[in-house]
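Participant: Submitted below is the structure of interest, expressed as structure tokens.
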Amino acid sequence: MVGENDPVKVMKQEVGKAAAARVESGMIVGLGTGSTTAYAIEFLGSRLQSGELKNIKGVPTSFQAEVLAKKYGIPLTSLDAISQIDIAIDGADEVDPQKNLIKGGGAAHTREKVVDSLADMFIVVVDSGKLVKELGSTFLLPVEVIPMAISPAMRAIEKLGGKPELRMGVKKAGPVVTDQGNLVIDVKFDKIDNPGELEKTINNIPGVLENGLFVNVADLVLVGEIVDGKPTVREM
Ligand code: 5RP
1151 MVGENDPVKV MKQEVGKAAA ARVESGMIVG LGTGSTTAYA IEFLGSRLQS GELKNIKGVP
1211 TSFQAEVLAK KYGIPLTSLD AISQIDIAID GADEVDPQKN LIKGGGAAHT REKVVDSLAD
1271 MFIVVVDSGK LVKELGSTFL LPVEVIPMAI SPAMRAIEKL GGKPELRMGV KKAGPVVTDQ
1331 GNLVIDVKFD KIDNPGELEK TINNIPGVLE NGLFVNVADL VLVGEIVDGK PTVREM
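For the sequence shown, the residue numbers in the working numbering are 1151 to 1386.
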């Protein structure tokens, strides 16, 4: 039973564990970013420590993932040293019924898209609050932009019908700076009719590095839910 624990935290823990349980010895694992993936990384570490899992290597999608992997004893590798990723585990900010995603709540979507797209099996881990009928309904679309292009990129996004705002730091004066040293614009679109087209159109704006639309990338979505007071995980 969920009891006194925060239900969202419990859903994230359970779904993170369920994804980590699918990793097998010898695998190369893409390590996503965010609070849900953090539980998967922690559980992978416990499985390694208990000896149940052996010889895995992680490819981190962010500084956060790298720090957590080191904390929990997961050996790391890089894309220069490997030719393939077996499983990537990563969170999402929104998931639509076609398994398309908005990501980038942690400003890590550029590296996440590289790693998640390379995986033979990309497993998305979310609590049920992330499921939406249409992308963009609850979350702004993150766009990573190189600093000198921020003004023209914002104007170009306005021309596409978006309302852009520069993401500002929390407990840090000034804007959020990504792991690559860039800035993030969060964009409100009234409606995203064609996520695949919008993904390409935004990435074509000079100075844009990557946006948070992940179209046809997810293979499996694991959803953490509370049913009759008990945490459960289902495949979407
Ligand atoms: C980071 C991401 C995260 O995966 C996404 O924001 C979900 O995070 P959380 O699991 O903390 O809800 O895309 O860039």
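By construction, the Cβ of each residue, glycine as well, lies at the ideal position given by its N, Cα and C atoms.
Work out the CA separation of L1333 and V1327 for me, nearest whole Å.
Facilitator: So the two alpha carbons sit approximately 5 Å from each other.
Participant: In whole angstroms, what separates the C-alpha of A1258 from that of I1296?
Facilitator: When rounded, the distance between both Cα atoms is 14 Å.
Participant: With distances taken between CB atoms, is the gap from D1329 to R1317 smaller than 8 Å?
Facilitator: No, the Cβ-Cβ distance between D1329 and R1317 is not below 8 Å.
Participant: From what residue to what residue does the alpha helix (DSSP H) around I1300 run?
Facilitator: I1300 to K1309 is the span of the alpha helix (DSSP H), which, as asked, contains I1300.
Participant: Since N1361 is in the beta strand (DSSP E), which residue starts that stretch and which ends it?
Facilitator: Per DSSP, N1361 belongs to the beta strand (DSSP E) from V1358 to N1361.
Participant: How big is the Cα-Cα spacing for E1308 and P1314?
Facilitator: Looking at the two C-alpha atoms, the distance is approximately 7 Å.
Participant: Out of curiosity, what's the CA-to-CA distance linking P1247 and V1173?
Facilitator: Their Cα atoms are separated by approximately 25 Å.
Participant: How close, in whole Å, do the beta carbons of T1183 and A1215 come, if the pair is a contact with beta carbons under 8 Å?
Facilitator: The pair is a contact, with the Cβ atoms about 5 Å apart (cut-off 8 Å).
Participant: Can you tell me which of the three DSSP states T1382 falls into?
Facilitator: Correct three-state label for T1382: strand.
Participant: Tell me where the beta strand (DSSP E) around D1336 begins and ends.
Facilitator: First-last of the beta strand (DSSP E) with D1336: L1333 to K1338.
Participant: Would you grab the beta carbon distance between V1179 and I1239 for me? Rounded to a whole angstrom, and I think it's under 8 Å.
Facilitator: Sure, about 7 Å apart at Cβ, within 8 Å.
Participant: Does the beta-carbon distance from F1364 to K1283 come in below 8 Å?
Facilitator: No; because the gap between Cβ atoms is not below 8 Å, this pair is not in contact.
Participant: Determine which residues share a DSSP beta bridge with V1275 and list them.
Facilitator: Per DSSP, L1372.
Participant: How many angstroms separate the CA atom of D1340 from the CA atom of T1288?
Facilitator: Looking at the two C-alpha atoms, the distance is approximately 11 Å.
Participant: Consider the C-beta atom of A1258 and the heavy atoms of the ligand 5RP; say whether any pair is separated by less than 7 Å.
Facilitator: Yes - the ligand 5RP has a heavy atom lying nearer than 7 Å to the Cβ of A1258.
Participant: When the Cα atoms are used, what is the spatial distance from A1299 to S1267?
Facilitator: Roughly 26 Å separates the two Cα atoms.
Participant: Please state if the CB of K1249 and the CB of V1165 are separated by a distance shorter than 8 Å.
Facilitator: Not closer than 8 Å, so no.
Participant: Determine the contact status of V1245 and L1281, defining contact as a CB-CB distance below 8 Å.
Facilitator: Yes, they are a contact pair.
Participant: From which residue to which residue does the beta strand (DSSP E) around I1239 run?
Facilitator: Where I1239 is concerned, the enclosing beta strand (DSSP E) stretches over I1235 to D1240.
Participant: Could you tell me whether any Cβ in chain B is nearer than 8 Å to the Cβ of A1238?
Facilitator: The structure shown has no chain B; it contains just one protein chain.
Participant: Under a Cβ-count criterion, where at least 16 other Cβ atoms within 10 Å of its own Cβ denotes burial, should V1265 be classed as buried or exposed?
Facilitator: So V1265 ends up on the buried side.
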